[in-house]
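Take a look at the structure set out below.
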Amino acid sequence: MEITKDQAKRLLSNVPEHCTFKTCDGRVIRNVRDLGKTLAHMADETFRYHANHSKNDFSRWVKTTIGDEQLASYLDRTTDRKQTLKELSRRITFLSGQLSSN
């Protein structure tokens, strides 16, 4: 799927303050880069609270608040923190590349 610079910029931007993601351990996530940084240092128990076989709060937030249905679909397929971080990193790299392309 083709993404314009404007779309990539929007998908990487901070959400409005009232739309931030607040983890059960009190961290506040404002954009997908924040999500990646938070996941990298998040306790497995915290991750499992938000992403398990009955729900995936990260996927839902990315889809409904960030508006990145493709990333949300990737995130929804895993309940493994390292795999989630890998998919998120891949998407951030792609979107960042779109910003620097012609």
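Numbering (our numbering), first residue to last: 1032 to 1133.
From the three backbone atoms N, C-alpha and C, an ideal C-beta is built for every residue, glycine too.
Reduced DSSP category for residue i - H, G, I as helix; E, B as strand; rest coil
i            : result
residue 1046 : coil
residue 1097 : helix
residue 1060 : strand
Range covered by the alpha helix (DSSP H) that runs through residue i
i            : result
residue 1063 : 1063–1072
residue 1081 : 1075–1081
residue 1090 : 1088–1092
residue 1124 : 1112–1131
Contacts around residue i, its chain only, beta-carbon distance under 7 Å, and the 5 residues preceding and following it disregarded
i            : result
residue 1086 : none
Burial state of residue i, where buried means 16 or more other Cβ atoms lie within 10 Å
i            : result
residue 1202 : Any property of residue 1202 remains undetermined from this structure, which presents the chain solely from 1032 to 1133.
residue 1059 : exposed
residue 1035 : exposed
residue 1122 : buried
Beta-carbon proximity list for residue i, same chain, < 8 Å, skipping 5 on both sides
i            : result
residue 1081 : 1054, 1055, 1087, 1088, 1089
residue 1075 : 1112
Residue i CB to nearest heavy atom of the ligand MG below 6 Å
i            : result
residue 1075 : With respect to the ligand MG, the structure offers nothing, as it holds no ligand at all.
CA nearest to the CA of residue i, picked from the options
i            : options          : result
residue 1071 : 1130, 1115, 1095 : 1115
residue 1048 : 1097, 1083, 1079 : 1097
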